[in-house]
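Undergrad: Chains as they are written, first to last, in UniProt numbering: chain A, 1 to 342; chain B, 1 to 818.
We treat Cβ as the ideally placed atom computed from N, Cα and C, and that holds for glycine.
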Amino acid sequence: MKNKLQQLKDEISSQLNTVANNELLRDFENKYLSRKGKLGKLMKEIKDLGEDARKEIGQFANTTKQEINAKYLEIKKKFATGGPKNEFIDVTLPGNNVKHGHLHPITLIQKELEELFTSLGFIILDGPELESDFYNFEALNVSKHHPARDMQDTFYVDKKNEAGEYDLVMRTQTSPVQIRALEKHGAPLRGISVGRVFRSEATDVRHEHTFYQMEGLMVGEKLSFADMKGVLELVGKKLYGPETELRMRPKFYPFVEPGSNGEYTCFLCAGQGCRVCKHSGWLEILGCGMIHPDVLRASGVDPEKYTGFAFGFGLNRLVMLKYGIDDIRLFNSGDMRFLAQF
Amino acid sequence: MLLSLNWLKDHVAIPKNISPEDLAQKLTLHTVEVEKTESQAERFNQVVLAKILTIRKHPNADRLQVATVDAGQKEELSIVCGAPNIAVGQIVPLALPGAVLPNGIEIKEAKMRGEKSQGMLCAEDELGLGHNHDGIMVLPKGKPGQSFASYLKLDDIIIEVDNKSLSNRPDLWGHYGIAREISVILNTKLKALDFSQVKLSLPANKKSEGLKPLDIKVENYNLCPRYMAIKLDNIEIKESPAWLQARLIAVGSKPINNIVDITNYVMLELGQPLHAFDAQDITKIVVRSAKKNETIKTLDDKDRKLEDGQLLITDGQKALAIAGIMGGADSAISATTKSIIIESANFDAAAIRQGSTKLGLRTDASMRYEKALDPNLAENALKMAVELIQKDNKKVTLGSELSDLHQGFKSIPAIELDLGWLNNLVGQAIPVEKTKEILTNLGFVLTPTGKNKNGDETMSVKVPSWRATKDIAIKEDLAEEVMRLYGYNNVSGKLPEVSMEAPEKNEEIALEHKIRNILVKESKLTEVYNYSFTGEEELKKLNLDDANYIKLVNPISKQHTLLRQNLLPGLINNIRTNQYRYDDLGLFEIGGVFLNVFGNLKKNSQSEERLPYQEKQIGIALAGSKNELFSEIKSIVADLIYSLISPQIEASFVPTDMPIGYSDKELKAAINVLGKNIGTIVKVDENITKGNGLKKIVVMAELSFNELLKLVQNYGYKQYRAVPKYPPMVRDLAFVVDAKILYNDIRDALKNFHELITSVELFDVYVGDKLGANKKNLAFHVIYQSDERTLTTEEIDTIQNNLINHLQSKFEAQIRNF
């Protein structure tokens with residue numbers, strides 16, 4: 001038995017020395033090293049030996065096998081890293097496939113905004129998606145029968161308060177975070193919050209009942225409209241380049257006074273007018289305003305001492321503009337053909 | 001809302017150099033959002049009136065004629081025409097080369113069978129004005145060359161305003177209010193409304209004719225602060241005059257008859273809704289709330305059941321109209337109406353809004369009332385309506401004394417305005433005169449009250465009634481008035497001066513991002529965002545009980561009726577929609593779930609009531625055809641723990657009895673870290689995957705975000721351990737044990753056996769017939785290491801032998817030699 005092994009070892013060694021390319025190496029592997037190869041067969045025979053012999057031969061066989069393997073690997077490595085000069089190597093062959101994962105595009109814009117605002121000293125805030133009527137509306141100066149409730153179709157959940165009214169809503173905006181944050185941190189404060197918001201409206205290419213907003217606020221002594229404008233101008237330049245300008249026009253939001261809309265120079269046409277900006281040269285990006293004194297009061301902040309401003313961005317819109325996405329439903333579709341592009 | 005430029009020009013001068021587009025832009029920048037401006041005439045571009053001068057037969061075609069026409073140009077034009085009805089002297093519409101007709105035909109100069117044709121004479125249908133194609137449209141009169149649009153008086157520009165941008169402005173729901181804004185923006189004159197000539201009662205010398213006031217009762221003045229009404233006799237119902245119809249058509253309101261059109265006209269002018277009743281059967285009017293089970297047939301011919309408390313106009317018995325929302329069919333104006341009652345009332349905004357929401361009925365009237373109208377407006381509106389009706393038909397006479405029921409109107413106190421404060425809020429000084437001019441032009445009355453301690457002027461500002469219902473109440477509201485008209489874009493931005501501060505880190509959000517990065521970059525998973533909602537059907541298919549889910553009151557689809565309690569349903573959907581395009585899928589979501597128990601967050605800072613418990617979860621799903629997916633998902637979880645917390649802290653997987661509806665009976669485990677359960681992994685049961693239309697093997701992991709956060713906060717710091725000075729000794733150990741003995745137990749037995757064993761690594765698991773039934777072979781590297789010395793073979797041999805004995809006695813392990 002031991003002799004057979006020794007013989008095979010010699011045979012293998014000499015054969016191995018004649019192997020000149022990858023193809024021959026594969027033949028060699030099949031002939032000797034594979035499960036049904038010569039070495040494999042011999043190893044199986046060892047099993048049938050008596051116990052003592054098995055122990056002795058076994059050890060020898062193992063060492064032999066290891067030596068042969070080592071030599072085989074060495075030669076294999078040589079071919080892999082260059083091989084003999086006479087074999088053509090196609091350097092254009094691709095490497096192995098690499099698998100990729102993908103972050104959701106809303107996550108990407110969220111990170112971009114969070115980094116921008118934390119660099120300006122804003123903290124990152126968070127609030128619940130299922131919110132009370134108080135924080136989502138009342139504290140934001142939208143009383144029960146305020147017409148502004150028409151601006152937002154609201155999902156209510158089937159839980160009533162002691163007065164028998166539905167008082168829990170899927171938040172229609174990230175603005176309730178303003179109140180919770182001021183209650184928790186007090187003034188002065190500057191922070192932003194990114195999150196999911198809900199409106200009970202039918203979905204189509206441009207409408208979703210679930211979408212994403214970023215809310216920002218800054219409260220302090222003597223903050224002015226001009227301060228708000230300065231911050232938002234800076235944000236525009238950071239998002240869309242140093243030439244970006246901000247255009248503001250009045251817009252009613254019950255929780256700010258004065259309230260405004262913000263448009264940035266269209267970054268696609270540099271303000272020249274294009275299809276995306278409807279030939280106006282401006283992209284409507286944000287809503288903002290000086291925080292209404294009632295809202296500050298509802299958050300426990302004295303409006304005679306502090307003023308502040310708040311602003312909100314629609315993240316879906318930012319992402320759609322940035323990447324040229326034309327259907328808002330893709331965000332919550334889970335469609336890999338969409339997600340794998342980010 | 002649609003606005004007619006011509007109509008606006010009745011009230012305010014708009015300089016010629018301001019184009020409609022400029023005007024729209026200025027309105028947008030200072031007052032309301034204009035969605036678009038459109039010229040009514042655009043569709044008749046290059047269509048003019050022409051007079052037919054001569055007609056001759058076409059030399060080469062029997063059915064054609066050649067006309068020469070005067071189209072107001074230097075030279076006569078030659079037109080080939082096929083219609084037989086033309087005659088010399090007629091005035092007809094002519095489409096010149098370049099015209100694009102409403103039916104899409106583009107007119108070009110052409111030769112028709114050898115004869116030059118410089119345009120086309122048009123039939124009604126070709127101009128989109130009817131279906132008549134009997135012949136060329138012959139006009140009664142007109143000047144050659146006049147544009148056809150101006151001939152039809154379609155020379156208006158329509159400005160469309162976004163209604164949402166008017167939601168806080170009750171005063172802007174009519175042309176006059178917008179005209180007032182334009183007058184302030186352009187600093188031009190606004191014509192005053194003057195109804196002093198309109199008499200709503202008979203002159204003193206005719207009182208003897210015995211007109212009586214109407215019998216009207218208002219039950220609750222909170223719901224109806226003012227009710228004005230008057231009866232008019234000798235009414236004749238007919239078409240409205242052309243000018244009135246043109247105005248209504250321009251702003252998209254369909255002309256109906258002279259009375260209804262006038263009430264609509266007044267509303268579109270002043271913003272005050274009016275209602276005209278046929279007075280024939282009305283002897284009494286009671287404004288009251290609906291009783292149980294009351295019904296009404298409304299103007300749109302629908303029978304409506306009225307909710308308790310709905311505000312109604314009644315005749316004392318039955319409902320005549322739903323107050324402020326829609327009139328009733330029974331008292332509607334008809335062709336035979338001879339006598340009418342005109343109502344001009346003020347209703348409570350909240351009551352109208354509530355009623356209209358409950359009825360699901362929003363009308364031009366309800367939209368205006370719910371913005372909180374000025375009660376003073378009712379009087380002007382009624383006067384204007386009576387004036388127009390009497391102008392239209394001189395025979396109309398008063399049929400009653402005027403009724404005007406109210407209990408006085410609330411007024412708001414003047415607002416104290418400090419211009420120093422204003423400038424601080426703006427962040428720059430607006431010239432004092434400019435501020436005063438803006439406020440005065442808007443109708444505010446300013447009374448100086450002196451100066452503040454810095455020498456800035458202060459004043460007391462009286463709010464005009466049309467802004468005083470809720471829109472303007474505090475000094476910040478005045479600041480907006482001044483700033484928007486001064487121009488937001490005339491304020492220069494500056495960066496706030498603040499003391500330097502390092503923002504406090506939000507650990508939750510930071511952890512979310514960290515988890516995402518690990519799952520994407522290391523485990524190559526794709527992040528999905530799924531809806532926060534699920535549905536009964538979806539849960540049923542996953543063998544989950546929907547009993548304790550929070551329901552939406554007003555879902556918009558039956559797939560989305562409940563608030564999700566875990567992320568699985570969404571991930572299952574994602575796999576289904578992607579499965580035919582991808583062999584393997586690896587997805588995850590970090591998202592909120594909602595449980596039907598109280599959480600920590602308060603509903604209100606003043607109350608102790610709490611919101612339902614909400615937390616974030618991490619859901620991971622793998623789908624493919626390999627059986628190893630269950631082991632793959634363990635690697636993903638283990639890697640997450642390794643990367644998030646520390647290489648020294650491991651995730652372990654322990655058997656669980658937890659009932660998980662969708663799980664395979666065997667392949668499920670709890671994820672434990674430092675003895676704490678932080679989630680589960682399961683293979684989704686094959687019946688469930690089939691039942692959900694999935695063609696793949698699916699495994700899932702769910703982790704509690706809060707538990708991970710706690711672990712990261714408590715253990716997520718790295719601590720360096722000195723690199724060992726002495727070499728480790730590695731011994732391999734393989735043994736066969738009963739298949740039911742858990743890896744976790746064996747690993748612990750090995751690891752805890754001796755202090756020199758610093759780690760054990762499983763490197764092979766083999767199950768096969770050769771081992772016998774219910775057996776498995778495990779192979780470990782056992783690593784011995786000391787910080788103090790180099791270990792000797794002998795001492796390790798001794799420990800290893802003891803270890804073998806230990807395994808034999810504890811697990812009945814059969815040791816295999818190498």
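Counting only C-beta atoms, is A:H104 closer than 8 Å to chain B at any point?
TA: It does; some Cβ of chain B falls within 8 Å.
Undergrad: Where does residue 898 of chain B sit, in a helix, a strand or coil, going by DSSP?
TA: No answer is possible for residue 898 of chain B: the residues shown for chain B start at 1 and end at 818.
Undergrad: Quick one: grab the DSSP three-state call for B:R362.
TA: Coil, per DSSP.
Undergrad: At a Cβ threshold of 8 Å, is A:M302 touching chain B?
TA: Looking at the sequence shown, residue 302 of chain A is not Met but Asp. Answer no: the Cβ-Cβ gap between A:D302 and chain B never drops below 8 Å.
Undergrad: Give me, in chain order, the residues of the same chain whose beta-carbon lies closer than 8 Å to that of B:A123; leave out the 5 immediate sequence neighbours on both sides.
TA: A83, N132, H133, D134, G135, I136 and M137.
Undergrad: Can you give me, in chain order, the residues of the stretch 151–165 of chain A that have a beta carbon less than 9 Å from any beta carbon in chain B?
TA: Within the stretch 151–165 of chain A, the residues whose Cβ lies closer than 9 Å to some Cβ of chain B are M151, D153, T154, F155, Y156, V157, D158, K159, N161 and E162, listed in chain order.
Undergrad: Which residues does DSSP pair with B:D404 in a beta bridge?
TA: Per DSSP, B:M228.
Undergrad: Got a sec? Which residues, its chain only, sit under 6 Å from A:L268 by beta carbon, not counting five neighbours each side?
TA: If we look at A:L268 and ignore the five residues flanking it on each side, its Cβ neighbours are C274 and V276.
Undergrad: Note the first and the last residue of the continuous beta strand (DSSP E) segment covering A:T210.
TA: It spans T210 to G220 - the beta strand (DSSP E) in which A:T210 sits, taken as one unbroken run.
Undergrad: Check each residue of the stretch 365–389 of chain B: if its Cβ is closer than 8 Å to any Cβ of chain A, include it; give the result in chain order.
TA: So the close ones are E370 and K371.
Undergrad: A:R196 CB to nearest chain B CB: under 8 Å?
TA: Taking Cβ atoms only, chain B reaches closer than 8 Å to A:R196, which makes this a yes.
Undergrad: Let's test the definition: count the other Cβ atoms within 10 Å of the Cβ of B:Q118 and tell me whether it reaches 16, buried, or not, exposed.
TA: It counts as buried.
Undergrad: Cβ of A:R171 less than 8 Å from any chain B Cβ?
TA: Judged by the 8 Å Cβ criterion, A:R171 is not in contact with chain B.
Undergrad: Leaving out five residues before and five after A:R171 in sequence, what residues of the same chain have Cβ atoms less than 7 Å from its Cβ?
TA: E129, E131, N136, V197 and F198, listed in sequence order.
Undergrad: Out of B:T188, B:E608, B:F705 and B:K696, state which residue places its alpha-carbon closest to the alpha-carbon of B:I509.
TA: Of B:T188, B:E608, B:F705 and B:K696, the residue nearest in Cα terms is B:F705.
Undergrad: List the residues of chain C whose Cβ lies closer than 7 Å to the Cβ of A:N332, in chain order.
TA: Protein chains in the displayed structure are A and B, and chain C is not among them.
Undergrad: Using 10 angstroms around the beta-carbon of B:Y784, count the other beta-carbons present and answer buried if the total reaches 16, otherwise exposed.
TA: The residue is buried, with at least 16 neighbouring Cβ atoms inside 10 Å.
Undergrad: Within the continuous alpha helix (DSSP H) that includes B:L64, where are the two ends?
TA: Neither: B:L64 is in no alpha helix (DSSP H) and is coded neither H nor E.
Undergrad: Whose CA, out of B:Q800, B:Y488, B:Y662 and B:R610, lies closest to the CA of B:L425?
TA: The option with the nearest alpha carbon to B:L425 is B:Y488.
Undergrad: Against residue 823 of chain B, what residues of chain A qualify as contacts under a CB-to-CB distance less than 7 Å, listed in chain order?
TA: Only positions 1 to 818 of chain B appear in the structure, and residue 823 of chain B is not among them; the question remains open.
Undergrad: To test your reading of the DSSP string, which unbroken alpha helix (DSSP H) runs of 4 or more residues are found completely within the stretch 486–550 of chain B?
TA: Qualifying alpha helix (DSSP H) stretches, in chain order: 507–517 and 536–541.
Undergrad: Using 8 Å as the limit for Cβ to Cβ distance, is B:Y726 near chain A?
TA: No, no contact with chain A.
Undergrad: Since B:H11 is in the alpha helix (DSSP H), which residue starts that stretch and which ends it?
TA: Start and end: L5 to H11.
Undergrad: Would you check if the stretch 305–318 of chain B and the stretch 234–245 of chain B touch, i.e. whether three or more CB-CB distances between them fall below 8 Å?
TA: They do not touch, by the three-pair rule.
Undergrad: What is the rounded straight-line gap between the Cα of A:M43 and the Cα of B:R816?
TA: A:M43 and B:R816: Cα-Cα distance of roughly 17 Å.
Undergrad: Spatial neighbours of A:E257 within its chain, please: CB distance less than 7 Å, with the 5 preceding and 5 following residues excluded, ordered by chain position.
TA: So the qualifying residues of the chain are G289, M290 and H292.
Undergrad: Answer yes or no: does any C-beta atom of chain B fall closer than 8 Å to that of A:R329?
TA: Chain B contact via Cβ: absent.
Undergrad: Do you know how far the Cα of A:L168 is from the Cα of A:K160?
TA: A:K160 and A:L168: Cα-Cα distance of roughly 8 Å.
Undergrad: Tell me whether residue 820 of chain B sits in a helix, a strand or coil according to DSSP, three-state version.
TA: Missing from the structure shown is residue 820 of chain B; chain B here goes from 1 to 818 and no further.
Undergrad: If we cut at 8 Å on Cβ distances, does A:S175 have a partner in chain B?
TA: So no, A:S175 is outside the interface.
Undergrad: Using 8 Å as the Cβ pair cut-off and three pairs as the minimum, do the stretch 635–648 of chain B and the stretch 713–730 of chain B touch?
TA: The stretch 635–648 of chain B, when compared against the stretch 713–730 of chain B, does touch it at the 8 Å Cβ threshold.
Undergrad: Can you find the residues in the same chain that come closer than 7 Å, C-beta to C-beta, to B:E457, ignoring five residues on each side of it along the sequence?
TA: For B:E457, where only same-chain residues beyond five positions count, the Cβ hits under 7 Å are L419, V432, P448 and K451.
Undergrad: Which one of A:N141, A:D133, A:E221 and A:K65 has the shortest CA to CA distance from A:Y253?
TA: The shortest C-alpha separation from A:Y253 is found at A:N141.
Undergrad: For a contact meaning CB atoms closer than 8 Å, what does A:D27 contact in chain B?
TA: Within chain B, no residue comes near A:D27; the closest Cβ sits about 30 Å away, beyond 8 Å.
Undergrad: Mind checking whether the beta-carbon of B:N380 lies closer than 7 Å to any heavy atom of the ligand COA?
TA: Looking for the ligand COA in the displayed structure turns up nothing, as the structure carries no ligands at all.
Undergrad: By the DSSP assignment, the beta strand (DSSP E) with A:W282 in it spans what residues?
TA: Here the beta strand (DSSP E) through A:W282 covers W282 to I291.
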